[in-house]
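Numbering (the working numbering), first residue to last: 2 to 478.
For each residue, glycine too, the CB sits at the ideal point set by N, CA and C.
Down below is the structure, laid out as structure tokens.
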């Protein structure tokens, strides 16, 4: 029997040396199997290995293509400087004018010798009483306020996700997630030995019938959701959908990890935890509200779970530093967090207005009013907006810091990402968010938060022109 890895090595060499060029389509697997005198199942494993190595991308109904852009390392694009491009729409950390001065003034009392001595002591998973009370007030939304006794702290929200999953799921266990999910969750799952199971959804997120069917076929150990301003689509679940999913997880006893890291931009959206408090582990943090380098992760756990999750925090080395906790308490008490949140909500709205002005006019050309009205009606309940047209469909929320751009044919996510990079603009391809590597959307996420407004405006104009022109070699390009 032929070793599929050796065959994959030969194809990989052809790609690296340029004998197979970017964007070139590989033959159908059955044809490939006949040519190499191997079984169709072996050909499937060869193609799967090439996908795993990030050299090709498989698209359902279209085939397998050599990547036109370098693969995005899981999680990388959303947590660090991922590119040298002049305009980086991958990185997505908002910043408010005067932020450093505001934060520094609030930190000054911590620099007194007597206070600093105490703040430099090791932090515990459950923090301090003051930190728990402060975080409970900060995270409260209409219909839900966490019990301070159920609060734990980590260095950041990513560590809170890891601690929650580590405490809930054994290696080899299955975790249900949206079909498109936060890339770092894929990385965390890989390190924990956890299997992510994509769940079919719609404009509101996971469908209850899809969750029920998957859980019935092979039980899940947990469910990870972003019900408010889902990254990357910006969708927000309606209260009805939250209730339906809440009833389902309660009936099945399925634990939930609710990621609320962007929820501060939509204070009107309730917490999923209100529907299943005995099962839901809520994750949040200060990285978006304040800054990625000055952050604390919050983890609200169900009653009776603090000890188990706290043990996971300690064993993972994920506890928050005492100084960070003291700083978070002061920023909250002094109104620093509140002021930054208010300014960032206004900033997000301005940037969304730029998106509407500079990108969506190109999207709505030659589109009937009926089609646009149908899309708006479909997304309107969740507060999301969309435009569709000659250069694709943009789905977003007027309060979000990102947008999901579904590209028009014949663009693919990797070819568009490469074309944008050629113009000095970095975007995140949809493959970074796809849980199933064989079902990769022809879409990109635009991070609106990090680039200065002038650079963002120029980038949006350029991207619209690139999309309208079509890929190189096409009729439009």
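Contact check for residue 193 against residue 167 passes: the beta carbons are separated by less than 8 Å.
Residue 234 is not a Cβ neighbour of residue 406, given a cutoff of 8 Å.
If you check the CB distance, residue 127 and residue 153 come in under 8 Å. With fewer than 16 other Cβ atoms from the protein chains shown falling within 10 Å of its own Cβ, residue 354 counts as exposed. Note on geometry: alpha-carbon atoms of residue 27 and residue 289 lie some 41 Å from one another.
Contact between the region 248–255 and the region 419–427 is absent: fewer than three C-beta pairs spanning the two stretches fall below 8 Å. Rounded to the nearest angstrom, the gap between the Cα atoms of residue 409 and residue 157 is 37 Å. Taken atom to atom, the span from the alpha-carbon of residue 292 to that of residue 445 is near 25 Å. Taking 8 Å as the cut-off, the beta carbon of residue 220 is found no closer than this to the beta carbon of residue 240. If you draw a straight line from the Cα of residue 442 to the Cα of residue 197, it comes to about 18 Å. Remark: fewer than three beta-carbon pairs, one from each stretch, lie closer than 8 Å, so the region 103–121 and the region 445–464 are not flagged as touching.
Closest in alpha carbon position to residue 32, among 225, 44, 327 and 24, is 44. A straight-line Cα-Cα distance of about 15 Å links residue 237 and residue 183. Per DSSP, the continuous beta strand (DSSP E) segment holding residue 223 begins and ends at 223–226. Straight-line measurement puts the Cα of residue 58 at about 27 Å from the Cα of residue 208.
In this structure, the beta-carbon distance from residue 200 to residue 159 does not fall below 8 Å.
Of 144, 435, 22 and 468, the smallest CA-CA separation from residue 243 is found for 144. The C-beta distance from residue 300 to residue 310 rounds to 7 Å, short enough to fall under 8 Å.
Collapsing the DSSP output to three states places residue 145 in a strand. Between residue 279 and residue 304, the C-beta gap is smaller than 8 Å, which places the two residues in contact. Secondary structure at residue 247: helix, using DSSP grouped into helix, strand and coil.
For residue 5, the enclosing alpha helix (DSSP H) starts and ends at 5–18.
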